[in-house]
Amino acid sequence: MKKTAIAMCVVVLLAGCYKAHDERVQVAPGVRNDSLGNNIITRPLGGIVSFVIGEGVVVNNVKEARTPEGFLEVQVSGYNQSMFKKRFDYKTDWMDGNGMLIDTVMSKWMTVSVTPKSTFTFKVTSPTADSADFRINTRIARNLDK
Amino acid sequence: MKTKWFTAILMTWALIIAGCTPPTKNIDTANDEGKAVMELDYRDFDKAATEMVQSMLSSGVFKKADGNRYVVTTAKIINDTMQRIDTDQLTFKVEQDLINSGQVVMTAAVGGKGATDQMVYQMRDLRDSEKSDEFKQGTMPGKGQIIAPELSISGKIYQKNIRYDNNIQQVEYYFQLRVAEIATGLSYWQNEAFIGKRGSKKVVPW
Numbered sequence: 111m112k113k114t115a116i117a118m119c120v121v122v123l124l125a126g127c128y129k130a131h132d133e134r135v136q137v138a139p140g141v142r143n144d145s146l147g148n149n150i151i152t153r154p155l156g157g158i159v160s161f162v163i164g165e166g167v168v169v170n171n172v173k174e175a176r177t178p179e180g181f182l183e184v185q186v187s188g189y190n191q192s193m194f195k196k197r198f199d200y201k202t203d204w205m206d207g208n209g210m211l212i213d214t215v216m217s218k219w220m221t222v223s224v225t226p227k228s229t230f231t232f233k234v235t236s237p238t239a240d241s242a243d244f245r246i247n248t249r250i251a252r253n254l255d256k
Numbered sequence: 004m005k006t007k008w009f010t011a012i013l014m015t016w017a018l019i020i021a022g023c024t025p026p027t028k029n030i031d032t033a034n035d036e037g038k039a040v041m042e043l044d045y046r047d048f049d050k051a052a053t054e055m056v057q058s059m060l061s062s063g064v065f066k067k068a069d070g071n072r073y074v075v076t077t078a079k080i081i082n083d084t085m086q087r088i089d090t091d092q093l094t095f096k097v098e099q100d101l102i103n104s105g106q107v108v109m110t111a112a113v114g115g116k117g118a119t120d121q122m123v124y125q126m127r128d129l130r131d132s133e134k135s136d137e138f139k140q141g142t143m144p145g146k147g148q149i150i151a152p153e154l155s156i157s158g159k160i161y162q163k164n165i166r167y168d169n170n171i172q173q174v175e176y177y178f179q180l181r182v183a184e185i186a187t188g189l190s191y192w193q194n195e196a197f198i199g200k201r202g203s204k205k206v207v208p209w
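In order, the protein sequences belong to chains B and W.
Numbering-wise (the working numbering), the first sequence opens with residue 111 and increments by one.
Numbering-wise (the working numbering), the second sequence opens with residue 4 and increments by one.
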């Protein structure tokens, strides 16, 4: 009986006062209140699991819109599922109406850094109003400070 | 015998030195994963130019009310870094994409460093000289033909060195561009691209 009570107390302490909040606000683990699944004891374990199963970045949404000038704007949103910071480069290739590649200075590698368990969003604008389609490639970002 | 030994040692040294020299390779600019450098390299200018053009085009600053294209010039871009930078490394890329966007026309008749194409004025000097008779008159540029720019792009690149700790320094580079209307002097757009580097204090960033 005593052991059960202690265990219950520990669970309550670990759970803390974490409450679900507006999803548009991301509060990183360690910043927000601890929960049962995410606290000072389980966090390192979660990190190991995250590393072993190879969690990374997922793209949740790709939005397209035309500016009043006719430029194609693309917004990419995603989530870093990992317990670690993820950094990657992306490069956008733009195609015209015939599917031909548009030569532009803007097709260069740009870097995105995403904090653990957080969302990210980046936006790209086409170089001409004739741009009809796009391809976005990614690679691991190197040469960055820790 | 001594000469033979000397030659052998000399040849061995030559071979060792030749073996240690890294071979020259072309940079894979499409997928360059080379080490970062403390100075500004082409990747930094590419990033800054991409950021600037993206911001300019998406801002709609070049949309003219009457549907025509703006005539744009590049004014002075100040190099306030410790490096010898040709600021054209930035402006040329920006101008290239602005022209290709179909939104603006760049003028080669005026600019921060004078006319970007000296031939505009050389032909006029020829027109007004005695050699003018050598040319078919109808092909010579007439007076009052040059179109004045309506918008001007100006800016600055500056560098700040900070002591990070005993062995590491932080070098910050700021690329600032501004688009102003020449007639009114009003600034319609401006943006700053930042590139920061940390590295050994022993490396001199200039």
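Backbone N, C-alpha and C fix where the C-beta goes; we use that ideal spot for every residue, glycine too.
Exposed or buried, W/Trp-16, counting other C-beta atoms within 10 Å across all chains shown (16 or more means buried)?
-> Walking along the second sequence from the start, residue 16 of chain W turns up at place 13. When all chains shown are included, W/Trp-16 counts as exposed.
Near the ligand HEM: W/Arg-72 beta-carbon under 6 Å from a heavy atom = This structure lacks the ligand HEM; in fact it carries no ligand of any kind.
Of all the residues that make up the region 42-74 of chain W, which are near chain B by a beta-carbon distance shorter than 7 Å?
-> Asp-49, Lys-50, Ala-52, Thr-53, Val-56, Gln-57, Leu-60, Ser-61, Gly-63, Lys-66
Rounded C-alpha distance that separates W/Val-74 from W/Ala-111 = Within the second sequence, the letter at position 71 stands for residue 74 of chain W. Within the second sequence, the letter at position 108 stands for residue 111 of chain W. Cα-Cα distance, rounded: 10 Å.
Kindly give me the distance between the Cβ atoms of W/Ser-157 and W/Lys-79, rounded to whole angstroms, as I take these residues to be in contact under 8 Å.
-> Counted from its first residue, the second sequence places residue 157 of chain W at position 154. Counted from its first residue, the second sequence places residue 79 of chain W at position 76. At roughly 6 Å, the Cβ-Cβ gap stays under 8 Å, so W/Ser-157 and W/Lys-79 are in contact.
Within the chosen definition, does the region 144-157 of chain B reach the region 182-191 of chain B through at least 3 CB pairs nearer than 8 Å?
-> no
Mind checking which residues open and close the beta strand (DSSP E) that includes B/Val-222?
-> Reading the first sequence from its first residue, position 112 is the one you call residue 222 of chain B. B/Val-222 -> beta strand (DSSP E) spans 220-224.
CB-CB under 6 Å to B/Gly-188, same chain, minus the five flanking residues each way: which ones, in chain order?
-> Taking the first residue of the first sequence as position 1, residue 188 of chain B is located at position 78. So the list reads Val-167, Val-168, Val-169, Asn-170, Phe-230, once near-sequence residues are dropped.
Given 8 Å, three or more beta-carbon pairs between the region 119-137 of chain W and the region 41-49 of chain W = no
Cut-off 6 Å between Cβ atoms - residues of its own chain near W/Val-182, not counting five sequence neighbours on either side = Start at 1 with the first residue of the second sequence, and residue 182 of chain W comes out as number 179. Here the set comprises Val-64, Leu-154, Ile-156, Tyr-191, Trp-192.
How long is the line joining the alpha carbons of B/Pro-139 and B/Ala-251, rounded to whole angstroms?
-> Residue 139 of chain B sits at position 29 when you count from the first residue of the first sequence. Residue 251 of chain B sits at position 141 when you count from the first residue of the first sequence. Looking at the two C-alpha atoms, the distance is approximately 23 Å.
Hey, B/Asn-190 and B/Val-224: beta-carbon distance below 7 Å or not?
-> Here residue 190 of chain B is taken as the residue at index 80 of the first sequence, counted from 1. Here residue 224 of chain B is taken as the residue at index 114 of the first sequence, counted from 1. Closer than 7 Å, so yes.
Would DSSP call B/Thr-214 helix, strand or coil?
-> Reading the first sequence from its first residue, position 104 is the one you call residue 214 of chain B. Note: B/Thr-214 maps to coil in three-state DSSP.
For W/Arg-72 versus W/Val-97, is the C-beta distance shorter than 7 Å?
-> Residue 72 of chain W sits at position 69 when you count from the first residue of the second sequence. Residue 97 of chain W sits at position 94 when you count from the first residue of the second sequence. No, these two residues do not count as a Cβ contact at 7 Å.
By Cβ distance below 6 Å, which residues in the same chain neighbour W/Thr-76 in space, the five residues on each side in sequence not counted?
-> What you label residue 76 of chain W is simply residue 73 of the second sequence in a count that begins at 1. Within the same chain, W/Thr-76 has close Cβ partners Thr-110, Val-113, Gly-114, Pro-152, Ser-155.
In terms of residues, what are the limits of the alpha helix (DSSP H) holding B/Leu-155?
-> By 1-based counting over the first sequence, the position of residue 155 of chain B is 45. Per DSSP, B/Leu-155 belongs to the alpha helix (DSSP H) from 152-163.
Cβ atoms of W/Leu-180 and B/Thr-235: under 7 Å apart, would you say?
-> For this step, residue 235 of chain B is matched to residue 125 along the first sequence. For this step, residue 180 of chain W is matched to residue 177 along the second sequence. Not a contact, by the Cβ cut-off of 7 Å.
Report the three-state DSSP secondary structure of B/Ala-138 (helix, strand or coil).
-> If you number the first sequence from 1, residue 138 of chain B lands on position 28. B/Ala-138 falls in the coil class under three-state DSSP.
So which residues of chain W does B/Asp-255 contact, with C-beta pairs closer than 7 Å?
-> Counting from one through the first sequence, the residue named residue 255 of chain B turns up at place 145. Within 7 Å Cβ-Cβ: Arg-201.
Reference W/Lys-146, options W/Leu-129, W/Ala-68, W/Pro-26, closest by Cα = Residue numbering aside, residue 146 of chain W sits at position 143 when the second sequence is read from its first letter. Closest by alpha carbon: W/Leu-129.
Cut-off 7 Å between Cβ atoms - residues of its own chain near B/Thr-214, not counting five sequence neighbours on either side | The count along the first sequence starts at 1 and reaches residue 214 of chain B at position 104. Here the set comprises Trp-204, Pro-237.
Which same chain residues, not among the five before or five after W/Ser-166, have their C-beta less than 7 Å away from its C-beta?
-> By 1-based counting over the second sequence, the position of residue 166 of chain W is 163. For the record, residue 166 of chain W in the displayed sequence is Arg; it is not Ser. Contacts found: Gln-172.
Can a CB atom of chain B be found closer than 7 Å to the CB of W/Lys-96?
-> Here residue 96 of chain W corresponds to residue number 93 of the second sequence, with the count starting at 1. By this cut-off, W/Lys-96 is an interface position.
Does DSSP put B/Asn-247 in a helix, in a strand, or in coil?
-> Here the question's residue 247 of chain B lines up with position 137 in the first sequence. B/Asn-247: strand per DSSP, three-state reduction.
Confirm, please, whether the CB-CB distance from B/Pro-226 to B/Phe-194 is below 7 Å.
-> Here residue 194 of chain B refers to the residue found at position 84 when the first sequence is read from its first residue. Here residue 226 of chain B refers to the residue found at position 116 when the first sequence is read from its first residue. Closer than 7 Å, so yes.
Alpha carbon to alpha carbon, how far is B/Met-220 from W/Tyr-176?
-> In the first sequence, residue 220 of chain B corresponds to position 110, counting from 1. In the second sequence, residue 176 of chain W corresponds to position 173, counting from 1. If you take the alpha carbons of B/Met-220 and W/Tyr-176, they lie about 17 Å apart.
Quick one: measure Cβ to Cβ for W/Ala-186 and W/Glu-54, integer angstroms, because I've assumed they're closer than 8 Å.
-> Here residue 186 of chain W refers to the residue found at position 183 of the second sequence. Here residue 54 of chain W refers to the residue found at position 51 of the second sequence. So it is not a contact: roughly 28 Å between Cβ atoms.
Let me know the secondary structure DSSP gives W/Ile-12 once reduced to three states.
-> Within the second sequence, the letter at position 9 stands for residue 12 of chain W. In the structure shown, W/Ile-12 sits in a helix (DSSP, three-state: H, G or I).
Apart from the five residues just before and just after B/Lys-196, which ones in its own chain have a Cβ nearer than 7 Å to its Cβ?
-> The residue labelled residue 196 of chain B in the question sits at position 86 within the first sequence. If we look at B/Lys-196 and ignore the five residues flanking it on each side, its Cβ neighbours are Gly-166, Val-167, Asn-190, Val-224.
Anything in the region 216-245 of chain B with a Cβ closer than 9 Å to a Cβ of chain W? List those residues in chain order, please.
-> Met-216, Ser-217, Lys-218, Trp-219, Met-220, Thr-221, Lys-233, Val-234, Thr-235, Ser-236, Pro-237, Thr-238, Ala-239, Asp-240
Between which two residues does the alpha helix (DSSP H) containing W/Thr-53 stretch?
-> In the second sequence, residue 53 of chain W corresponds to position 50, counting from 1. Its alpha helix (DSSP H) spans residues 45-62.
Going by other Cβ atoms of all chains shown within 10 Å of its Cβ, with 16 needed for buried, is W/Asn-198 buried or exposed?
-> Reading the second sequence from its first residue, position 195 is the one you call residue 198 of chain W. For the sequence presented, residue 198 of chain W should be read as Ile rather than Asn. The residue is buried, with at least 16 neighbouring Cβ atoms inside 10 Å.
What residue from B/Glu-179, B/Ser-145, B/Pro-178, B/Lys-233 has the CA that sits closest to B/Thr-202's CA?
-> For the purposes of this step, residue 202 of chain B is identified with residue 92 of the first sequence, where counting begins at 1. Checking every option, the nearest Cα to that of B/Thr-202 belongs to B/Lys-233.
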